[in-house]
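Everything below concerns the one structure shown next.
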Amino acid sequence: MTTTPAQRAAPGPRPRRARLPWQRVPIWALMLLACFLSVVPFYLMFVWASHPSAEVFTFPPHLWFGDAFISNWQGLMQVTDGQAPRQFWNSLYIALISTLTTLFFCSLAGYAFAMYDFRGKGALFGFILGTMLIPPLVMDIPSFLVMNNFLGWVGEPRALWVPGMANAFGIFLMRQYISSALPRELIEAARMDGATEFGIYRQVVLPLIRPILATLGVVTFVGAWNNFKGALIMKLSEPDTMTLPLSLRRLGGGATNVNVDWGAIMMLVVITVIPLLIVFLLASRQVISGLTSGAVKD
Amino acid sequence: MSQRTAPRASWSYTRFQQRFAPYLFVSPFFILFAVFGLFPLLFSLFLAFHFWSPLDGMGNWKFVGFENFGLALGPTDMFWKSLKNTLWIGLLSGIPQHLVALPLAFIIHHSLRRFQGTLSTVLFLPYITNAVAIAIVFATLYSERLGILNYLGGLVGLDPVRWLGDPNMVPYSVAAVVFWRYVGWNTVLYLSGLQAISEDVYEAATVDGANGWQKFWYITLPLLRPMMFYAFTLTIVGSMQLFEEPFMLLNDGGGSGGAGLTSAMHIFNTAFRDLDMGYASAMSWLLFLAIFAMSMLNNYLFSRDGGKK
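So the sequences go chain by chain: G and B. full-length UniProt numbering numbers the first residue of the first sequence as 1 and each following residue consecutively. full-length UniProt numbering numbers the first residue of the second sequence as 1 and each following residue consecutively.
Spelled out as structure tokens, the structure:
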């Protein structure tokens with residue numbers, strides 16, 4: 001499972017009849033079409049964000065960039081009452097704090113399940129996996145009621161990140177990686193040297209599991225950044241708590257109305273998507289291989 | 001389980017923390033699950049049998065037995081219709097996802113291996129993007145008078161299509177967005193499944209004189225079975241909970257005629273707009289049963305075919 005495609009392809013060309021170049025044309029055409037369709041909505045959002053609002057919907061449509069980036073930003077500040085940066089910060093705050101807490105608690109639990117023998121380990125791990133069978137949707141109503149009637153956290157960002165600090169998927173991913181990548185002797189050696197149990201985790205384990213931390217980190221960040229339904233349910237709709245997806249909904253909901261500031265909306269779309277593109281492109285290989293290796297093992 | 005039977009005499013701080021550290025390390029999950037998982041689940045099950053709005057205050061719930069469930073399954077409510085919509089959109093988006101992803105993965109794996117990394121990154125891109133933002137982009141493409149789709153259709157002489165206005169068209173329009181988001185994810189899953197198949201098996205088959213089609217049918221497909229099961233399961237569980245795309249494209253009512261009202265949207269409206277928490281809880285449990293039944297069906301189909309091979 002750990003052999004990468006590069007390693008596998010390494011021992012010379014495979015015994016296969018060489019194909020004529022023109023036979024590869026359909027394959028390339030198909031792939032280029034698939035890539036084009038994947039990318040074109042991203043391209044268009046940037047194109048639209050760079051044209052004056054009145055020209056976002058023109059006939060024939062714009063297919064190349066314009067010069068209205070700045071004025072659309074000003075338009076966005078106007079329609080959001082200057083709150084756009086604040087909304088960006090709210091989304092970032094929730095995504096970052098979700099990511100850090102999830103990485104910490106999931107790696108700690110995954111380490112315990114991978115490297116310790118303790119009474120009830122199998123049952124506890126089985127229970128954690130079992131919770132993955134609950135569809136998230138079933139949790140919407142009861143978690144709102146807990147936040148609303150017991151904790152009073154509705155309208156506060158912590159209603160979004162506290163429940164997700166440790167999750168079954170993260171623990172599973174961490175355990176898989178740690179048990180296959182770290183030898184137990186390493187832990188024993190550190191123990192001989194007099195390290196405390198938490199010290200071993202912090203000084204030996206954490207530095208060695210960076211790749212899988214990157215995978216889980218990106219996945220958690222993207223999930224928290226994109227959490228629309230959660231923000232909707234927990235009513236993060238005040239100016240000081242509104243996140244980007246809610247703001248998008250407020251400006252662009254039922255989006256066929258032409259009489260709104262489309263340049264501003266597209267600017268907000270771009271702002272919502274750019275951090276995702278950056279985070280993913282920085283770690284895409286790691287994320288993809290980390291996610292699918294967990295899938296194959298299952 | 002514990003191979004280490006500690007001699008009682010040599011008690012020390014080291015041994016003490018060694019014994020309790022793992023419990024401490026795994027406890028955050030269980031504490032969080034108790035507060036934000038188990039208790040809410042039980043509470044929601046309790047509410048499913050009651051009539052209650054959060055405005056009534058704690059304790060003021062009225063026991064109604066199976067009335068909530070009966071109402072959902074009866075002819076007057078939208079629940080059945082929403083379930084049908086959900087299934088229909090799920091089929092329209094789900095089946096093409098796998099019919100396209102499998103050949104794509106196969107071509108990349110066998111003919112374009114050098115570009116595998118780049119291609120997976122590009123195809124994976126839609127999966128990580130923001131559903132709300134993308135729904136706005138697609139709504140723009142779908143615009144009846146000024147959208148690019150109808151513009152392109154006009155170039156080849158087609159009449160404008162009311163992508164989001166015509167109830168017959170709505171499921172296709174929503175499904176197309178879902179398809180766009182997840183086809184790359186499935187391709188990447190299948191790609192990693194293909195990589196896990198050893199080359200030796202193919203070489204042995206070549207020696208035995210198998211042709212390309214036979215190799216695909218008798219080697220690739222059976223060995224890809226676990227990954228297909230996994231990918232199908234994710235598609236089923238995901239499509240049954242579809243919410244953001246139709247909610248953004250069509251507003252919370254699901255567009256004209258409610259053709260895009262999914263069960264998740266209907267439950268959301270009942271709970272958070274009408275504040276009928278008991279009824280919404282009952283419906284969410286019914287949807288859970290539907291998801292469970294479909295997963296079981298998927299499981300059954302896969303294990304039965306697997307037994308035959």
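C-beta atoms are modelled at their ideal positions from N, C-alpha and C, and glycine is treated no differently.
Closest residue to residue i among the options (Cα-Cα distance)
{"i": "GLY82(G)", "options": "GLU156(G), PRO275(G) and LEU268(G)", "result": "LEU268(G)"}
{"i": "THR118(B)", "options": "ALA176(B), PHE243(B), GLY184(B) and LEU71(B)", "result": "GLY184(B)"}
{"i": "PHE105(G)", "options": "PHE229(B), VAL188(B), LEU24(B) and GLN241(B)", "result": "LEU24(B)"}
{"i": "ASN227(G)", "options": "ALA109(G), LEU92(G) and THR131(G)", "result": "LEU92(G)"}
{"i": "HIS50(B)", "options": "LEU42(B), VAL64(B) and PRO22(B)", "result": "VAL64(B)"}
{"i": "THR241(G)", "options": "TRP153(G), MET192(G) and GLN74(G)", "result": "TRP153(G)"}
{"i": "TRP48(G)", "options": "TRP225(G), ASN72(G), VAL25(G) and PRO136(G)", "result": "ASN72(G)"}
{"i": "ALA282(B)", "options": "GLU67(B), PRO160(B) and PHE36(B)", "result": "GLU67(B)"}
{"i": "ILE28(G)", "options": "ARG145(B), GLN116(B), GLY255(B) and LEU155(B)", "result": "A small correction: the amino acid at residue 28(G) is Trp; Ile does not occupy that position in the sequence shown. Out of ARG145(B), GLN116(B), GLY255(B) and LEU155(B), GLN116(B) has the C-alpha closest to the C-alpha of TRP28(G)."}
{"i": "GLY129(B)", "options": "LEU291(G), GLU55(G), ALA95(G) and LEU276(G)", "result": "One detail in the question is off: residue 129(B) reads as Thr in this sequence, not Gly. With distances taken between Cα atoms, THR129(B) lies closest to LEU276(G)."}
{"i": "PHE36(B)", "options": "LEU151(G), SER237(G) and PHE69(G)", "result": "LEU151(G)"}
{"i": "ASP140(G)", "options": "ALA293(B), SER143(B), PRO103(B) and MET277(B)", "result": "MET277(B)"}
{"i": "LYS229(G)", "options": "ALA214(G), ARG249(G), PRO211(G) and LEU213(G)", "result": "ARG249(G)"}
{"i": "GLY223(G)", "options": "ARG24(G), GLN74(G), PRO136(G) and ALA68(G)", "result": "PRO136(G)"}
{"i": "LEU96(G)", "options": "LEU236(G), ASP261(G) and TRP225(G)", "result": "TRP225(G)"}
{"i": "LEU55(B)", "options": "LEU145(G), ILE274(G), LEU291(G) and LEU173(G)", "result": "LEU145(G)"}
{"i": "LEU63(G)", "options": "GLY57(B), LEU141(B), LEU301(B) and GLY94(B)", "result": "LEU141(B)"}
{"i": "ILE31(B)", "options": "ASP261(G), ASP193(G), GLY194(G) and ALA168(G)", "result": "ALA168(G)"}
{"i": "ALA196(B)", "options": "LEU223(B), ARG19(B) and VAL178(B)", "result": "LEU223(B)"}
{"i": "PRO142(G)", "options": "GLY254(B), ASN85(B), GLY70(B) and LEU41(B)", "result": "LEU41(B)"}
{"i": "residue 367(B)", "options": "ILE95(B), TRP213(B) and VAL207(B)", "result": "Residue 367(B) cannot be examined here, being either before or after the span of chain B that is shown, 1 to 309."}
{"i": "ASN85(B)", "options": "ASN60(B), LEU221(B), HIS266(B) and LEU112(B)", "result": "HIS266(B)"}
{"i": "THR270(B)", "options": "PHE216(B), ASP77(B), LYS62(B) and ALA176(B)", "result": "ASP77(B)"}
{"i": "ALA68(G)", "options": "LEU291(G), SER284(G) and ASP261(G)", "result": "ASP261(G)"}
Identity of the residues DSSP links to residue i by a beta bridge
{"i": "PHE51(B)", "result": "LYS62(B)"}
Whether residue i touches residue j by CB criterion (8 Å)
{"i": "VAL204(G)", "j": "LEU232(G)", "result": "no"}
{"i": "SER98(G)", "j": "TRP161(G)", "result": "yes"}
{"i": "PRO61(G)", "j": "ILE148(B)", "result": "yes"}
{"i": "PHE272(B)", "j": "LEU194(B)", "result": "no"}
{"i": "ILE171(G)", "j": "PHE33(B)", "result": "no"}
{"i": "SER53(B)", "j": "SER284(B)", "result": "no"}
{"i": "VAL174(B)", "j": "LEU124(G)", "result": "no"}
{"i": "MET240(B)", "j": "LEU189(B)", "result": "no"}
{"i": "PRO171(B)", "j": "ALA259(B)", "result": "yes"}
{"i": "LEU249(B)", "j": "LEU164(B)", "result": "yes"}
{"i": "PHE88(G)", "j": "ILE288(G)", "result": "no"}
{"i": "MET165(G)", "j": "MET234(G)", "result": "no"}
{"i": "GLY126(G)", "j": "GLY263(G)", "result": "no"}
{"i": "LEU287(B)", "j": "SER303(B)", "result": "no"}
{"i": "HIS98(B)", "j": "ALA231(B)", "result": "yes"}
{"i": "PHE57(G)", "j": "LEU155(B)", "result": "no"}
{"i": "TYR116(G)", "j": "PRO22(B)", "result": "yes"}
{"i": "LEU236(G)", "j": "PRO157(G)", "result": "yes"}
{"i": "VAL279(G)", "j": "VAL218(G)", "result": "yes"}
{"i": "ILE134(G)", "j": "THR243(G)", "result": "no"}
{"i": "residue 302(G)", "j": "THR102(G)", "result": "Examination of residue 302(G) is not possible in this model, given that chain G is present from 1 through 298 alone."}
{"i": "SER53(G)", "j": "GLY66(G)", "result": "no"}
{"i": "VAL201(B)", "j": "ILE219(B)", "result": "yes"}
{"i": "VAL137(B)", "j": "MET45(G)", "result": "yes"}
{"i": "ALA139(B)", "j": "GLU245(B)", "result": "no"}
{"i": "SER93(B)", "j": "PHE20(B)", "result": "no"}
{"i": "GLU197(G)", "j": "GLN18(B)", "result": "yes"}
**Request:** Could you tell me which uninterrupted alpha helix (DSSP H) segments, each at least 4 residues in length, are contained entirely in the region 124-189 of chain B, listed from first to last along the chain?
**Result:** 131-142 and 148-155
**Asked** Of all the alpha helix (DSSP H) runs that stay within the bounds of the region 153-218 of chain G, which reach a length of 4 or more residues?
**Response** 158-161, 168-181, 184-192 and 197-200
**Item:** Ordered list of alpha helix (DSSP H) runs contained in the region 190-248 of chain B, each at least 4 residues
**Value:** 199-207, 212-215 and 221-240
**Prompt:** Between the region 120-130 of chain B and the region 175-192 of chain B, do at least 3 Cβ pairs fall closer than 8 Å?
**Reply:** yes
**Request:** Could you tell me whether the region 105-119 of chain G touches the region 205-221 of chain G, where touching means 3 or more Cβ pairs closer than 8 Å?
**Result:** yes
**Message:** Count Cβ pairs between the region 246-259 of chain B and the region 68-88 of chain B that sit closer than 8 Å; are there 3 or more?
**Reply:** yes
**Message:** For the pair the region 208-217 of chain G and the region 174-191 of chain G, tell me if three or more CB-CB distances fall below 8 Å.
**Reply:** yes
**Prompt:** Quick check: the region 292-307 of chain B against the region 94-103 of chain B, are there 3 or more CB pairs under 8 Å?
**Reply:** no
**Item:** Complete runs of the alpha helix (DSSP H) confined to the region 30-84 of chain G [at least 4 residues]
**Value:** 53-56 and 69-79
**Request:** Starting from the N-terminal side, write out each stretch of the alpha helix (DSSP H) that is 4 residues or longer and does not extend beyond the region 231-283 of chain G.
**Result:** 244-252
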